[in-house]
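Worksheet: one structure, shown below.
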Ligand SMILES: [Zn+2]
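Numbering (the numbering used here), first residue to last: 1 to 88.
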């Protein structure tokens, strides 16, 4: 076992992102506009949000505020929605 070079063991590329970098409005929307597979209900809310990129897809992950099941939200490509004012 060596832990100096284990890149090949990782099939999926995960890039951590910072959910807290989103605007308060964005965060609010993610935390309230949810779908829970376990509860089969919308807008129950979620807690403990995390954001990361998996193979080029941005995902916000949290836990259902009601039942605690993990809920994943895929975020639409932010470069195509035209709402970003300070692109470099
Ligand atoms: Zn739930």
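Glycine is no exception: its CB is placed at the ideal position from the N, C-alpha and C atoms.
Rounded distance between the beta-carbons of residue j and residue i, thought under 8 Å
i          : j          : result
residue 58 : residue 17 : 7 Å
residue 69 : residue 36 : 6 Å
Environment of residue i [buried if 16+ CB atoms lie within 10 Å]
i          : result
residue 32 : exposed
residue 51 : buried
residue 64 : buried
Beta-ladder partner(s) of residue i, from DSSP
i          : result
residue 50 : 61
residue 16 : 52
residue 72 : 61
residue 41 : 36
Any non-hydrogen atom of ligand 1 within 7 Å of residue i CB
i          : result
residue 61 : no
residue 69 : yes
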